[in-house]
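Here the protein sequences come in this chain order: F and L. So for the first sequence, this note's numbering puts the first residue at 3; every next one is plus one. So for the second sequence, this note's numbering puts the first residue at 95; every next one is plus one. The next block holds one structure in the form of structure tokens; read it before the comments.
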Amino acid sequence: MDKLNRYFLLNINLILSRVTLVLILISSYVALAQQKEVKRDSLIINDSISGIVNYEYDSSNGENIFDGKFSFESVSSSKLKSFDYQAFTYDGEFSSDQKSGDWSFSDKKMKEENQKFVSGFRVGNLATGTENRISGEFQEGIAVGSWKVVKQDYVNSEVKDTLFFIESTFKNNRLIGSLKSSSNLITVQGYFNADGYFHGDWVIKHQTENQPVQENRTYEAGILKAYQIIIDGKTFDISYSGFDTTDVDDDEQWEDYTLQNGYFDILNLIDLEVEQTISSEVKLLINNRHQKTNDFIKNSVLAFSFNSEFDIWNTLRGSSPLGLGKFKVRKFEFSSNEQKLVKNIADDFQEIQSILKKFENNPKVKIGKPVHEKFNEAELIFNVYKNELSQLKRMVEVITSDAFEYVHREEIYGKIWPKLLFPVEVTYEFQSELVTKPHEFPEAPERENFNLDKASSLIQNIKTDVKAIDLEVQKIFKEMEIEKSLSNDEKRLVEKKGKIESLFNLDSEENDLNTYHQRYSELVLKLTESTFNSYGSLKVDQKKNQIKDLLRCYNNLLDFYTFLENLESKNERLDEAYTNTTFNAYMMVDMSERIKENIYTAFIESLRPYLFERLSNDFNCENLELAMEDISSVYQKMLELSKRDTRAEEKELRREKDPEVILSVLELKLKY
Amino acid sequence: MYMKFNGSIKFSLFFVFIASFVFSQEDNTSFPDQSILNAPETLTWINSYGTFRLSEKWFWHGELHYRMRENDSRNFIGDVAQVYNRHGIQYIPNKSFKFTLGGVLRVDFGDQSGDAFEKIRLEPRIWHEYQWIMPYERFRIYHRIRIEHRWKKSFQKGSEYVFGNRWRYKFMMKIPLNKPKLQPGAFYFNPDVELIM
Numbered sequence: 003m004d005k006l007n008r009y010f011l012l013n014i015n016l017i018l019s020r021v022t023l024v025l026i027l028i029s030s031y032v033a034l035a036q037q038k039e040v041k042r043d044s045l046i047i048n049d050s051i052s053g054i055v056n057y058e059y060d061s062s063n064g065e066n067i068f069d070g071k072f073s074f075e076s077v078s079s080s081k082l083k084s085f086d087y088q089a090f091t092y093d094g095e096f097s098s099d100q101k102s103g104d105w106s107f108s109d110k111k112m113k114e115e116n117q118k119f120v121s122g123f124r125v126g127n128l129a130t131g132t133e134n135r136i137s138g139e140f141q142e143g144i145a146v147g148s149w150k151v152v153k154q155d156y157v158n159s160e161v162k163d164t165l166f167f168i169e170s171t172f173k174n175n176r177l178i179g180s181l182k183s184s185s186n187l188i189t190v191q192g193y194f195n196a197d198g199y200f201h202g203d204w205v206i207k208h209q210t211e212n213q214p215v216q217e218n219r220t221y222e223a224g225i226l227k228a229y230q231i232i233i234d235g236k237t238f239d240i241s242y243s244g245f246d247t248t249d250v251d252d253d254e255q256w257e258d259y260t261l262q263n264g265y266f267d268i269l270n271l272i273d274l275e276v277e278q279t280i281s282s283e284v285k286l287l288i289n290n291r292h293q294k295t296n297d298f299i300k301n302s303v304l305a306f307s308f309n310s311e312f313d314i315w316n317t318l319r320g321s322s323p324l325g326l327g328k329f330k331v332r333k334f335e336f337s338s339n340e341q342k343l344v345k346n347i348a349d350d351f352q353e354i355q356s357i358l359k360k361f362e363n364n365p366k367v368k369i370g371k372p373v374h375e376k377f378n379e380a381e382l383i384f385n386v387y388k389n390e391l392s393q394l395k396r397m398v399e400v401i402t403s404d405a406f407e408y409v410h411r412e413e414i415y416g417k418i419w420p421k422l423l424f425p426v427e428v429t430y431e432f433q434s435e436l437v438t439k440p441h442e443f444p445e446a447p448e449r450e451n452f453n454l455d456k457a458s459s460l461i462q463n464i465k466t467d468v469k470a471i472d473l474e475v476q477k478i479f480k481e482m483e484i485e486k487s488l489s490n491d492e493k494r495l496v497e498k499k500g501k502i503e504s505l506f507n508l509d510s511e512e513n514d515l516n517t518y519h520q521r522y523s524e525l526v527l528k529l530t531e532s533t534f535n536s537y538g539s540l541k542v543d544q545k546k547n548q549i550k551d552l553l554r555c556y557n558n559l560l561d562f563y564t565f566l567e568n569l570e571s572k573n574e575r576l577d578e579a580y581t582n583t584t585f586n587a588y589m590m591v592d593m594s595e596r597i598k599e600n601i602y603t604a605f606i607e608s609l610r611p612y613l614f615e616r617l618s619n620d621f622n623c624e625n626l627e628l629a630m631e632d633i634s635s636v637y638q639k640m641l642e643l644s645k646r647d648t649r650a651e652e653k654e655l656r657r658e659k660d661p662e663v664i665l666s667v668l669e670l671k672l673k674y
Numbered sequence: 095m096y097m098k099f100n101g102s103i104k105f106s107l108f109f110v111f112i113a114s115f116v117f118s119q120e121d122n123t124s125f126p127d128q129s130i131l132n133a134p135e136t137l138t139w140i141n142s143y144g145t146f147r148l149s150e151k152w153f154w155h156g157e158l159h160y161r162m163r164e165n166d167s168r169n170f171i172g173d174v175a176q177v178y179n180r181h182g183i184q185y186i187p188n189k190s191f192k193f194t195l196g197g198v199l200r201v202d203f204g205d206q207s208g209d210a211f212e213k214i215r216l217e218p219r220i221w222h223e224y225q226w227i228m229p230y231e232r233f234r235i236y237h238r239i240r241i242e243h244r245w246k247k248s249f250q251k252g253s254e255y256v257f258g259n260r261w262r263y264k265f266m267m268k269i270p271l272n273k274p275k276l277q278p279g280a281f282y283f284n285p286d287v288e289l290i291m
């Protein structure tokens with residue numbers, strides 16, 4: 003029995019220990035599994051591409067910390083003919099918000115085909131187009147390992163051709179080691195040293211049908227040491243004027259310069275120099291290949307991180323900008339005076355261009371040429387400058403380029419020197435006659451001692467000359483504008499004068515003039531005539547100052563006609579307002595009697611005659627508007643008084659005949 | 095012509111006919127063969143007229159007459175001849191027509207002495223009148239038809255009241271003298287002529 007019991011107990015213990023182990027394992031698994039969660043959300047990247055993101059996060063850190071698998075997809079329809087849809091996708095992983103593991107980015111431009119396909123329980127259309135795909139690896143946000151970019155052509159969803167390929171290695175977030183890049187036209191093979199500088203031989207092969215062309219560019223820790231182009235087996239040694247290819251010296255200022263900074267802008271700044279004697283055809287070919295290679299290297303290396311200028315990896319969090327190779331270039335830093343000169347050249351040149359363009363586009367020039375000789379002269383002089391502008395533009399572009407500070411300037415002044423041919427006199431046609439006039443163009447600088455100072459003086463002198471001519475031209479433009487605006491205003495003035503004369507014409511049978519019109523007719527006509535004559539004797543710029551006032555005066559005279567026309571009805575209204583009418587049933591008559599007689603009489607017998615007399619005695623443009631306002635306000639006041647208790651005023655105005663006293667009692671102030 | 099009569103005129107003419115018909119039934123007055131003329135005498139009439147508005151178109155018309163006649167010692171203001179009150183309710187539908195209906199109590203003072211004669215006699219009347227007004231810019235012309243139903247008697251003591259109707263047509267003008275039209279403060283000339291039947 004004991005044995006049985008012991009055996010039973012042993013088995014129980016064994017079973018319990020196993021169950022406990024299983025429970026511990028299950029609970030820990032559950033605990034681990036509960037930490038990762040998946041979220042689907044909308045996301046906008048690069049401020050413009052909106053799509054759907056699926057990502058994992060650690061629930062203990064919150065859903066805003068990416069942790070685990072990450073994918074983003076954006077599909078947008080296109081209005082372009084070349085493709086119907088554009089799709090951006092990211093696939094990768096995050097570890098505590100840092101990119102980690104394998105990552106890929108894809109930009110597809112697709113045109114929908116009619117042919118259908120079935121995948122799982124989905125039906126879709128096949129597509130034709132291109133895909134730009136970048137794949138690489140990150141470790142805690144740092145690019146590492148092998149990276150590649152492939153651009154492929156698809157037809158009916160099948161790869162048809164590889165348009166571009168680049169492969170290299172990243173270490174510690176920068177390109178290190180060999181690089182291979184190829185397209186249908188160019189193949190590049192190069193190397194980055196441990197610090198990420200372009201290093202060693204960079205061999206560029208151009209896939210041409212007739213002449214095989216190869217370029218060899220040799221770098222030493224970012225410094226271009228040698229450059230050769232081999233065409234048809236012939237080697238041409240290339241150099242860049244002013245571009246330092248020597249070793250770094252302590253006295254010199256050398257700087258790291260990247261492709262993004264514009265390294266090739268420095269190389270493209272000045273024409274290449276070829277040591278061997280070459281034909282212009284070869285020179286053209288060399289320049290062409292050189293330019294193409296520069297563009298290819300720049301685009302292919304930057305393709306690791308840029309897609310149509312948007313930074314693929316930095317639009318998403320969790321990594322630092324990639325180091326995409328660098329160069330070492332010598333800087334010839336501007337002195338403060340040189341900086342000032344460069345700025346002056348840029349500003350002055352822009353002003354010259356602006357003046358010439360404005361003159362050229364101004365329709366007044368064409369209109370004014372038959373009348374204004376200056377336009378013909380200015381046009382010819384501006385054309386001389388315009389013809390020389392292409393040379394000056396090249397010079398200004400070089401000088402104002404950021405790359406200019408990275409070349410030895412003394413060595414390139416001769417190359418950017420503008421060969422100007424300014425005439426000593428100009429001959430133009432004016433009113434069917436040829437006119438020849440001397441014109442002092444700026445002195446063209448000599449090539450030998452050309453420098454920044456000379457360039458600045460030249461541009462400044464041209465600007466001074468152009469501005470001086472433009473000033474004279476602008477004066478004529480203004481006069482033309484004044485004349486144009488005057489001619490419109492004068493037309494209106496004459497119309498208004500005619501209307502005034504017609505309205506106040508006492509002899510016209512058409513006019514129904516009341517006594518007020520008749521009283522002022524002569525004054526109005528006299529004022530109209532005298533102001534018109536005075537205006538006519540003015541000079542153009544005086545006319546410009548006067549015309550608005552005169553138009554206003556004539557408007558007032560026209561208003562005055564209506565004002566006088568309405569006066570009779572105003573008088574009637576006032577008469578009614580100061581009349582009390584009651585029906586006398588005995589007489590069967592409406593009996594009217596004057597009310598507030600003292601006020602009414604003071605107005606009718608003293609104040610009103612005074613106001614009109616005053617206007618008659620001082621009838622001019624300045625007073626007319628104010629007089630009308632005054633008379634209107636007196637009538638208005640009289641109307642107001644008819645409606646309120648005026649016992650005090652009536653008492654004061656009893657037998658009062660002095661208009662000034664009446665005005666004071668009625669609390670009125672005249673404006674003139 | 096008939097079509098031109100307005101409503102108020104038609105109404106007033108109708109009233110005249112009805113009134114004359116009613117009262118003519120009792121008219122048994124006998125007329126002398128030839129006209130009897132009173133001796134001319136001088137009189138003074140002091141009258142006051144007032145019309146007071148009651149509502150938009152209704153008025154109260156009141157008159158007080160004080161009349162004197164000559165006597166042996168004085169012309170014009172010898173003795174009191176009559177005092178009477180004439181009152182009526184007036185309806186004025188427009189400014190060209192008015193109608194009045196009312197009563198009169200006239201007090202006559204006799205001029206005959208002796209016990210056979212009363213010193214005072216009362217004469218009540220019912221009267222109604224129709225007045226048409228012709229307005230002009232400066233003056234007015236009035237046509238008035240007044241019909242009086244009178245109860246009168248002589249001063250002789252014991253005499254009976256005799257009912258009689260009196261038909262009157264009056265043509266009047268009111269012409270302002272010192273003002274351009276009839277208005278407060280205007281003195282006016284008031285010629286009139288009346289046919290009394």
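Backbone N, C-alpha and C define an ideal beta-carbon position, used for all residues, glycine too. Keep in mind it's a predicted model, so treat the numbers as computed, not measured.
Which of helix, strand or coil does DSSP assign to Ser307 of chain F? Here Ser307 of chain F sits in coil by DSSP.
Assess contact between the region 458-467 of chain F and the region 477-497 of chain F, defined as three or more Cβ pairs (one per stretch) separated by less than 8 Å. Is contact present? No, the region 458-467 of chain F does not touch the region 477-497 of chain F.
Leaving out the 5 sequence neighbours to the left and right, which residues in its chain are closer than 6 Å to Lys182 of chain F when beta-carbon positions are compared? The residues Glu169 and Gln191, in chain order, have a CB closer than 6 Å to that of Lys182 of chain F in the same chain once the five nearest residues on each side in sequence are set aside.
Could you tell me which chain F residues have their CB closer than 7 Å to the CB of Lys273 of chain L, listed as they occur along the chain? Those do not exist, as Lys273 of chain L stays about 10 Å from chain F at its closest Cβ, beyond 7 Å.
Members of the region 573-606 of chain F that neighbour chain L once the beta carbon cut-off is set at 7 Å: Against chain L - using a Cβ distance shorter than 7 Å - the residues of the region 573-606 of chain F are Ala587, Tyr588, Met589, Met590, Val591, Met593, Ser594 and Glu595.
Starting from Asn186 of chain F, follow its DSSP beta bridges and name the residues at the other end. DSSP, once it has assigned bridges, lists no residue as partnering Asn186 of chain F.
Candidates F:Glu407, F:Ser403, F:Ser536 and F:Leu382, of which the one nearest Ile471 of chain F by Cα: Answer by Cα proximity: F:Leu382.
Counting only the same chain and skipping the five closest in sequence on each side, list residues whose C-beta sits under 8 Å from that of Phe140 of chain F. Answer for Phe140 of chain F: Gly94, Gln100, Lys101, Ser102, Gly103, Trp105, Val146, Gly320 and Ser321, listed in chain order.
I'd like to know whether the C-beta of Arg234 of chain L is nearer than 8 Å to at least one C-beta of chain F. It does; some Cβ of chain F falls within 8 Å.
Reduced DSSP category for Tyr588 of chain F - H, G, I as helix; E, B as strand; rest coil: Coil at Tyr588 of chain F, not helix or strand.
Kindly indicate which three-state DSSP category Ala210 of chain L falls into: helix, strand or coil? Coil, per DSSP.
So, at 7 Å on beta carbons, what are the nonlocal neighbours of Ser678 of chain F in its own chain, with the 5 sequence-adjacent residues on each side left out? The structure shown does not extend to residue 678 of chain F, since chain F spans only 3 to 674, so no value can be given for it.
Under 8 Å, Cβ to Cβ, is there at least one residue of chain F near Ile130 of chain L? The C-beta of Ile130 of chain L comes no closer than 8 Å to any C-beta of chain F.
Assign Asn389 of chain F to one of two classes, buried (16 or more other C-beta atoms within 10 Å of its C-beta) or exposed (fewer than that). So Asn389 of chain F ends up on the exposed side.
Going along chain F, which residues have a C-beta under 7 Å from Pro278 of chain L? Going along chain F in sequence order, the residues near Pro278 of chain L (Cβ under 7 Å) are Met593 and Glu595.
May I ask which residues mark the beginning and end of the alpha helix (DSSP H) holding His519 of chain F? Unbroken alpha helix (DSSP H) run through His519 of chain F: Thr517 to Gly538.
Leaving out five residues on either side along the sequence, give the residues of the same chain with a beta carbon under 6 Å from the beta carbon of Lys71 of chain F. Excluding sequence neighbours, Lys71 of chain F sits near Glu58 and Glu95.
Anything in the region 188-203 of chain L with a Cβ closer than 7 Å to a Cβ of chain F? List those residues in chain order, please. Taking 7 Å as the cut-off between beta carbons, the residues of the region 188-203 of chain L near chain F are Lys189 and Lys192, in sequence order.
How would you list, in chain order, the residues of chain F whose beta-carbon sits under 9 Å from the beta-carbon of Tyr263 of chain L? Chain-order list of chain F residues neighbouring Tyr263 of chain L: empty, with the shortest C-beta distance near 17 Å, by a criterion of under 9 Å.
Which of helix, strand or coil does DSSP assign to Thr402 of chain F? Secondary structure of Thr402 of chain F (DSSP, three-state): helix.
Residues in the same chain with beta-carbon distance under 7 Å from Asp203 of chain F, minus the five sequence neighbours each way, listed in chain order, please. If you ignore the 5 residues before and after Asp203 of chain F, its C-beta comes within less than 7 Å of the C-beta of Asn218 and Thr220, all in its own chain and listed in chain order.
Is Tyr1 of chain F buried or exposed, if buried means 16 or more other CB atoms sit within 10 Å of its CB? Shown here, chain F extends from 3 to 674; a query on residue 1 of chain F therefore has no answer.
7 Å CB neighbourhood of Phe312 of chain F in its chain, flanking five on each side removed: These residues qualify, in order along the chain: Asn48.
Cα-Cα separation between Asn263 of chain F and Leu391 of chain F, rounded to whole angstroms: C-alpha of Asn263 of chain F to C-alpha of Leu391 of chain F: approximately 29 Å in a straight line.
Does the region 436-446 of chain F come close enough to the region 419-426 of chain F that 3 or more CB-CB pairs lie under 8 Å? Enough Cβ pairs lie closer than 8 Å, so yes.
Return helix, strand or coil for Lys98 of chain L, following the three-state DSSP convention. Because Lys98 of chain L carries a pLDDT of 36, less than 50, the predicted location of this residue cannot be relied on, and no value is offered for it.
With a CB to CB cut of under 6 Å and the five nearest residues on each side skipped, what residues in its chain are close to Asn56 of chain F? Within the same chain, Asn56 of chain F has close Cβ partners Arg42 and Ser73.
Reference Arg262 of chain L; option with closest CA among L:Ile290, L:Glu212 and L:Leu271: For Arg262 of chain L, the nearest C-alpha among the options comes from L:Ile290.
Determine the closest residue to Phe281 of chain L out of L:Lys213, L:Ile220, L:Leu271 and L:Val256, with distance taken between C-alpha atoms. Per the Cα distances, L:Leu271.
Quick one: list the residues of chain F neighbouring Tyr143 of chain L, beta-carbon separation under 8 Å, in chain order. Within chain F, the residues near Tyr143 of chain L are Tyr588.
Chain F within 8 Å of Arg180 of chain L, Cβ atoms only: So, not an interface residue.
What would DSSP say about Asn212 of chain F, mapped onto helix, strand or coil? DSSP places Asn212 of chain F in coil when its eight states are reduced to three.
Below 7 Å on C-beta distance, what does Ile186 of chain L contact in chain F? Against chain F, the beta carbon of Ile186 of chain L has neighbours under 7 Å at Ala587, listed in chain order.
So, for Leu553 of chain F: in the same chain, excluding its five sequence neighbours on each side, which residues have a beta-carbon less than 8 Å away from its beta-carbon? Taken in chain order, the residues that qualify are Asp491, Arg494, Leu495 and Lys498.
Would you say Arg180 of chain L and Val201 of chain L are within 8 Å of each other, going by their C-beta atoms? By the CB criterion at 8 Å, Arg180 of chain L and Val201 of chain L fall outside the cutoff.
Determine contact between the region 646-660 of chain F and the region 550-564 of chain F, defined as no fewer than three beta-carbon pairs at a distance below 8 Å. Touching, no.
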